[in-house]
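All remarks here apply to the structure that follows.
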Amino acid sequence: MAGITPKENFLRLAGGGHPEYVPYFTFMGNEPIPEIATKSAFIELFETKPPNEDGSMTNVWGVTNYPNQDTAGSAMPAPNVYIMEDITKWRDVLKTPKLRSDLDFEAMAKAEMERIEINRDETALRAGLGFGPWMTLISFMGFEGAMLAMAEEPESVKEMFDWMASLYEPYIEKVLDAYKPDIWSMGDDTCTERGPFFSVDMYKDLFKPYYQRFAKQAQERGIPIVYHICGFIEPFIPDMIDFGVKYVEPAQETNDIMALKETYKGQLSYLGGYDWGKHVPRNYPNYDEEEVRQDVRNAIDKYSPGGAYGTLIWPVSFVEDPHIEDLKKLVWNEAYEYGKKVYK
């Protein structure tokens, strides 16, 4: 079909579909490539605090996050600083966050569309509310504390998750009505590179019910869900499909993506297949451009047969690396240009 838009091509990919060409999933929406398949709306329900003097941010739950070199500038909670030691005392620690005083969803949606400069005819809009129970729990207690809480006091964990989810849930319909997203965005990093942090049974008991609650209205409206989950995700895929996930990203190479495409054919698409840590150019920051381009083509050739695949590549380095932006442009544009040719 001549003249297919990036939006239509990406939506055609949903749930294991076969697009006209291999799309590049524009994770941030501002990658410097000719077509932007998706852009994400930022939605904030609660009043936020201004940045602290040291550049850190304290979120609505009281967790202070610090940007740092080791995470390429991404903000993370300070190591070994926890707001919660005993999950049974969560009511003493967490306070109901204050809703924004200007919570007008139609006005918020209009302002956000202008801010992200989206052409809704050409680019698909992603929207979501950003609540990931596992990532939230570890930000409160650390990994060890969170897993001990889940093993020893699962009812308290569920009570806390239920209270938190109930703060967001009444606004899902309002967001869907006002923003009219093409894709509902969710995610929670419940896996390491080698495997999940916990069992499938624990996932079903402690986490899946809340994912289902956040997915339900989008699922009922037929809005495809894109789900962010790093690591070895294979054990959780049937449950994700169950609550409406149609795209999973970043679909890391620790998973057998080709086998998953066959097992869940016609149900799920994979955005990724290119773990940057495995593809950093030899002798970086010195590298052969053609070698880098060929590496990108090899990944697309490997994962694109039969559809159900889009590229997602995000080179990262230390914050002040003067070379990384040029390398990003190189791999992004190669993924885009080569992706346009694959199915011809």
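Numbering (the numbering used here), first residue to last: -18 to 325. From the three backbone atoms N, C-alpha and C, an ideal C-beta is built for every residue, glycine too. Treat the numbers as computed from the prediction; the structure is a model and nothing was measured.
How many angstroms separate the CA atom of K185 from the CA atom of F224? Here residue 185 is taken as the residue at index 204 of the sequence shown, counted from 1. Here residue 224 is taken as the residue at index 243 of the sequence shown, counted from 1. Each residue's alpha carbon lies about 12 angstroms from the other.
Suppose the cutoff is 8 angstroms on Cβ atoms and the five residues either side in sequence are ignored; what does the same chain contact list for E1 look like? On the sequence shown, position 20 is the one that residue 1 refers to. Contacts found: M(-18), I(-15), N(-10), R(-7) and Y324.
CA-CA distance, D282 and R175? Here residue 282 corresponds to residue number 301 of the sequence shown, with the count starting at 1. Here residue 175 corresponds to residue number 194 of the sequence shown, with the count starting at 1. For D282 and R175, the distance between alpha carbons rounds to 25 angstroms.
Completely contained beta strand (DSSP E) runs for the region 153 to 220, where each covers 3 or more residues: 164 to 168 and 206 to 209
Judging by CA-CA distance, which residue of G258, G111 and K227 is the nearest neighbour of Y290? Taking the sequence shown and counting its residues from 1, one reaches residue 290 at position 309. Of the candidates G258, G111 and K227, the one whose C-alpha sits nearest the C-alpha of Y290 is K227.
Could you tell me the distance, in whole angstroms, from the CA atom of W42 to the CA atom of L187? Start at 1 with the first residue of the sequence shown, and residue 42 comes out as number 61. Start at 1 with the first residue of the sequence shown, and residue 187 comes out as number 206. Approximately 20 angstroms, taken between the alpha carbons.
F8 and L311 closer than 7 angstroms at C-beta: In the sequence shown, counting from the first residue as 1, residue 8 sits at position 27. In the sequence shown, counting from the first residue as 1, residue 311 sits at position 330. No. Outside cutoff.
I'd like the span of the beta strand (DSSP E) that includes A59, first residue to last. Position 78 of the sequence shown, counting from 1, holds the residue named residue 59. First-last for A59: undefined, no H or E at that position.
Would Y152 and L26 qualify as a contact pair, given that the criterion is a beta-carbon distance under 7 angstroms? For the purposes of this step, residue 152 is taken as residue 171 along the sequence shown, with counting starting at 1. For the purposes of this step, residue 26 is taken as residue 45 along the sequence shown, with counting starting at 1. Contact flag set, yes.
Consult DSSP for M38 and reduce its assignment to one of helix, strand or coil. Counting from one through the sequence shown, the residue named residue 38 turns up at place 57. Strand, per DSSP.
L106: first and last residue of the uninterrupted alpha helix (DSSP H) it sits in: Looking up residue 106 in the sequence shown gives position 125. Note, L106: premise wrong, no alpha helix (DSSP H); beta strand (DSSP E) at A105 to A108.
Close Cβ partners of E215 (< 7 angstroms) along its chain, the five nearest in sequence each way excluded: Position 234 of the sequence shown, counted from the first residue, corresponds to residue 215. Hits under 7 angstroms: N236 and L241.
C-alpha gap between P58 and A92, whole angstroms: As a position in the sequence shown, residue 58 is number 77, starting the count at 1. As a position in the sequence shown, residue 92 is number 111, starting the count at 1. Cα to Cα, the separation comes out at about 30 angstroms.
In terms of alpha-carbon separation, which member of H(-1), F6, P(-13) and K(-12) lies closest to Y208? Mapped onto the sequence shown, residue 208 falls at position 227. If we check each option's Cα against that of Y208, F6 comes out closest.
Just checking my contact of I97 with K20 at CB under 8 angstroms: how many whole Å lie between their CB atoms? Position 116 of the sequence shown, counted from the start, is the residue given in the question as residue 97. Position 39 of the sequence shown, counted from the start, is the residue given in the question as residue 20. Yes, I97 and K20 are in contact; Cβ-Cβ is about 5 angstroms, under 8 angstroms.
Run the CB neighbour count on D169, radius 10 Å, all protein chains shown included, and call it buried at 16 or more, exposed below. Sequence index remark: in the sequence shown, residue 169 carries index 188 (1-based). By the neighbour-count rule (16 or more Cβ atoms within 10 Å), D169 is buried.
Do T45 and T39 have their C-beta atoms closer together than 7 angstroms? Within the sequence shown, the letter at position 64 stands for residue 45. Within the sequence shown, the letter at position 58 stands for residue 39. Closer than 7 angstroms, so yes.
Contact check, I218 vs Y284 under 8 angstroms by CB: the rounded distance? On the sequence shown, residue 218 is found 237 positions in, with the first residue counted as 1. On the sequence shown, residue 284 is found 303 positions in, with the first residue counted as 1. I218 to Y284, Cβ: 16 angstroms. No contact.
Residue from P286, I222, D256 and Q50 whose Cα sits closest to the Cα of E234: Locating residue 234 in the sequence shown gives position 253, where the first residue counts as 1. Here the closest residue by C-alpha is D256.
May I ask you to report which of helix, strand or coil DSSP gives S285? The residue given as residue 285 occupies position 304 in the sequence shown. Coil.
Going by beta carbon distance, what residues of the same chain come within less than 6 angstroms of K309, once the five residues before and after it are set aside? Here the question's residue 309 lines up with position 328 in the sequence shown. Answer for K309: P296, listed in chain order.
8 angstroms Cβ shell around Q198 - same chain, five flanking residues per side excluded: Taking the first residue of the sequence shown as position 1, residue 198 is located at position 217. Counting only Cβ-Cβ distances below 8 angstroms, and skipping sequence neighbours, we find I153, E154 and L157.
Can you name the residues that DSSP bridges to T292? Position 311 of the sequence shown, counted from the start, is the residue given in the question as residue 292. Y5 and G253.
Identify the continuous beta strand (DSSP E) that holds N46 and give its terminal residues. The residue given as residue 46 occupies position 65 in the sequence shown. Residues T45 to P48.
Counterpart residues of L80 in DSSP-defined beta bridges: Your numbering for residue 80 matches position 99 in the sequence shown. DSSP lists F27 as partners of L80.
Among K(-12), G113 and W71, nearest to R107 - alpha-carbon criterion: Residue mapping note: residue 107 aligns to position 126 of the sequence shown, counting from 1. Out of K(-12), G113 and W71, the CA that lies nearest to the CA of R107 is found in K(-12).
Determine the DSSP secondary structure at V273, reduced to helix, strand or coil. Taking the sequence shown and counting its residues from 1, one reaches residue 273 at position 292. It is helical.
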